[in-house]
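This report refers to the structure that appears directly beneath it.
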Amino acid sequence: MEKTSQPIYSVVIPVYNSVDSLPIITQELIDFFHSLSHPFEIIFVDDSSTDGSRQKLIELAKKNGSNVKSILLQKNFGQHNATICGLGFAKGDWIITMDDDLQHPTKEISKLISKQKETNAEVVYGIFPRKKKHSAVRNLGSKVVKNSSRILRKSPGEGSSFRLMTKRLAEELSKHRLSFLFIEEIVTWYTHNITFIEVEHHPRRFKQSNYTGLSLIKMVSNLVIYYTGAPLKVMVYTGFSISFVSLVMGIIYIIKKIFFNVPLGYTSLITAILFSTSLILMSLGIIGEYLSRIYMAQNQRPPWVIDQIYQEEEPKNHD
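If you want this note's numbering, it's the position in the sequence shown, counting the first as 1, plus 928.
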């Protein structure tokens, strides 16, 4: 990148099986920043693609010089992990993150930049129309994730992978080493200076989303366990509630036996045993989930492992 007094923009794009869209998004970004006369860099992070994306990224890095850097991960770590990995390599004053599927129009970056200048926010999220160009499963999953965040973490409950942030915030995010990373949650640890602006959202040009119903359920589960104490609170409140109900039932049975000589039989005993046993097993299962997360954290399992990095030293001339 050339030295200049103008702000430098870094665009971080996690990649997974998007070989057809990579040349298009690269050229669109190059044309966009050249039209603004802004220095820029594009950082691709390949999350162990299997469709030829890795080789395509190497070609793009060689073709476009220091404007394009391609980071290849050794295995699949997930979109958020790959994004934060890319943030650690960003040299720009402002960092933009976006998807690799061409659903985020490049020209909409102007809206993020303008909104930041208007509000002086540390993070500007490009949010999409209520009905995004996703499958029904993906839209439902996104809604569940956002509502879970809003209810359990009292966060804004909005956000997307199309965002602009300050270099300071990007540096803070890149320090995290949890095995499961969720950017929207971590952002709220460092700043509440967050704003939103509606942007266009295009349908996918190639293939279908890599997210499935099962992967979205897994994401919500990890989000709840890693970033909230909700399951533990459920255990506590449920335990107190059942204890109170059991106490009341016990008093009723005692009164019936003493004053009315009502035979109780084994029904009440069996019911109480099964009820309490199921509660204990549920509680142990939740504790086990937390212990497994603590075990992974203590093992210091890396959130990503880089295989190779490709970047030419000098920028290419695109005029």
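C-beta: ideal position from N, C-alpha, C; glycine also.
Computed from a prediction, not measured in an experiment: that's the story for all the values here.
Nonlocal neighbours in the same chain, by C-beta distance under 6 Å from Asp1247, ignoring five residues either side
With a pLDDT of 48 at Asp1247, under the threshold of 50, the modelled position of that residue is not reliable, and the figure given next carries that caveat. Closer than 6 Å at the Cβ level, and outside the excluded window around Asp1247, lies no residue.
When you compare only the Cα positions, how much space is there between Gln1236 and Leu1212?
43 Å
Runs of beta strand (DSSP E) lying entirely within the segment 1155-1179, each at least 3 residues, in chain order
none
If contacts are defined as beta-carbon pairs under 8 Å, then Leu1097 and Val1051 qualify, I think. What distance do you get, rounded to the angstrom?
7 Å
When DSSP labels each residue in this structure, what does Asp959 get in the three-state scheme?
helix
Meets three-Cβ-pair contact criterion under 8 Å: the segment 1041-1049 and the segment 1111-1125
yes
Would you be able to state if there are at least three C-beta pairs under 8 Å between the segment 953-970 and the segment 1092-1110?
no
Please report the distance separating the alpha-carbon of Arg1132 from that of Leu985.
20 Å
Which residues share a DSSP beta bridge with Lys997?
DSSP, once it has assigned bridges, lists Ile971 as partnering Lys997.
Contacting residues, own chain, Cβ-Cβ under 6 Å from Val947 (five flanking each side not counted):
Excluding sequence positions up to five before and after Val947, its CB lies within less than 6 Å of the CB of Asp979, Gly980, Ser981 and Lys984, all in the same chain and listed in chain order.
Pull the bridge partners of Ser938 from the DSSP assignment, please.
Glu969 and Ile1023
Residues near Trp1232 in its chain [Cβ-Cβ closer than 7 Å; skip 5 each side]
Leu1001, Phe1005, Asn1009, Ala1010 and Cys1013
Give me the Cα-Cα distance between Lys1003 and Ile1170, rounded to the nearest whole angstrom.
46 Å
Out of Tyr1155, Leu1101 and Thr1034, point me to the one whose CA is closest to His1129's CA.
Restricting attention to Tyr1155, Leu1101 and Thr1034, the CA atom closest to the CA of His1129 is found in Thr1034.
The beta strand (DSSP E) enclosing Gln983, as first and last residue numbers:
Note, Gln983: premise wrong, no beta strand (DSSP E); alpha helix (DSSP H) at Ser981 to Asn992.
Helix, strand or coil: how does DSSP classify Leu1030 here?
coil
Do Ile970 and Leu957 have their C-beta atoms closer together than 7 Å?
Yes; because the gap between Cβ atoms is below 7 Å, this pair is in contact.
By Cβ distance below 8 Å, which residues in the same chain neighbour Ile1055 in space, the five residues on each side in sequence not counted?
Excluding positions up to five away in sequence, the list reads Glu1086, Gly1087, Ser1088, Phe1124, Ile1125, Glu1126 and Val1127.
Assuming Thr1094 is part of the beta strand (DSSP E), what are its boundary residues?
Arg1091 to Thr1094
Using only alpha-carbon positions, find the residue among Arg1221, Phe1168 and Ala1049 that is nearest to Val1152.
Arg1221
Figure out for me which residue from Arg1091, Ser1174 and Leu1209 has the closest Cα to the Cα of Glu1036.
Arg1091
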